[in-house]
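Below is one structure, written out as structure tokens; comments come after it.
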Amino acid sequence: MKPSNVTRANYLIILSALFTILLSCSGQPERHVLTIGPIEHFGIYTSTDKITQLSVFEENSIVKYKMIYNKKIVIESNDNIGSFQRWFFFWDSKENLWIYSADIGTSVWAKDQQGNYTQYGIKDRPIYCNPVPPIIYNKWHKL
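Numbers given in our numbering equal positions in the sequence shown, counted from 1, plus 83.
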């Protein structure tokens, strides 16, 4: 007994849907361009000159991040940002990385004149980090 054309068409539709689902679940992180502004999603953010790369990912319900500059790790997460809490990062024009987390607070990875990064709480940040980006200030100020 041969399958009817309708059955064959349904089979092809189901097969193409499964193929599409498999492709979309490849496990590859999303890639983005690293620009001045908020970073609110997991993925790999690369500067247009390809020198700076920020990876934001989830590991055991914790938001993790790592920044590579000129093939060297310059920032690596050392805090426990819960992935189920509100969080975002902000990359500013001075190449400081601001961290907002509803559960652990706000901090900044400040880049000094030698190009080294140090993490500070928002109240302890060095003067060269000013001004606080408005999106960060508005969230932090409400705490």
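C-beta atoms are modelled at their ideal positions from N, C-alpha and C, and glycine is treated no differently.
So, helix, strand or coil for residue i, using DSSP?
{"i": "PRO209", "result": "coil"}
{"i": "PRO217", "result": "helix"}
{"i": "THR90", "result": "helix"}
{"i": "PRO112", "result": "coil"}
{"i": "LYS154", "result": "coil"}
{"i": "ALA185", "result": "coil"}
{"i": "SER190", "result": "strand"}
{"i": "GLU159", "result": "strand"}
{"i": "GLN202", "result": "strand"}
{"i": "ILE119", "result": "coil"}
{"i": "PHE167", "result": "coil"}
Return the chain-ordered list of same chain residues with a C-beta closer than 8 Å to the C-beta of residue i, the five sequence neighbours on each side being excluded.
{"i": "SER130", "result": "VAL116, LEU117, GLN136"}
{"i": "SER107", "result": "The predicted model places SER107 with a pLDDT of 47, which falls under 50 and marks its position as unreliable; any figure quoted below should be read in that light. The answer is none, since no qualifying residue turns up."}
{"i": "ILE156", "result": "LYS149, MET150"}
Whole-angstrom Cβ separation of residue i and residue j, contact assumed at under 8 Å?
{"i": "TRP192", "j": "LEU180", "result": "4 Å"}
{"i": "ILE187", "j": "ASP207", "result": "With 8 Å as the limit, ILE187 and ASP207 do not qualify as a contact, their Cβ atoms being about 15 Å apart."}
{"i": "ASP175", "j": "PRO216", "result": "6 Å"}
Using a Cβ-Cβ cutoff of less than 6 Å, which residues in the same chain neighbour residue i once the five nearest sequence positions on both sides are dropped?
{"i": "SER184", "result": "ILE164, TRP170"}
{"i": "LYS147", "result": "PHE140, SER160"}
{"i": "LEU105", "result": "Bear in mind that the predicted position of LEU105 carries a pLDDT of just 45, short of 50, making it too unreliable to give a figure here."}
CB of residue i to nearest heavy atom of the ligand HEM: below 6 Å?
{"i": "ARG114", "result": "For the structure depicted, the ligand HEM is absent and the ligand set is empty, with no information on it obtainable."}
Quick one: residues in its chain with C-beta nearer than 7 Å to the C-beta of residue i, no 5 flanking neighbours on either side, listed in chain order?
{"i": "ILE218", "result": "PRO121, PHE173"}
{"i": "GLY126", "result": "PRO112, GLU113, ARG114, HIS115, VAL139"}
{"i": "SER190", "result": "ILE182, GLN202, TYR203, GLY204, ILE205"}
{"i": "ASN153", "result": "ILE134"}
Next on the checklist: Runs of 3 residues minimum, wholly inside the segment 128-152: which ones carry the beta strand (DSSP E) assignment?
Outcome noted: As far as the segment 128-152 is concerned, its whole beta strand (DSSP E) runs of at least 3 residues are 135-142, 145-152.
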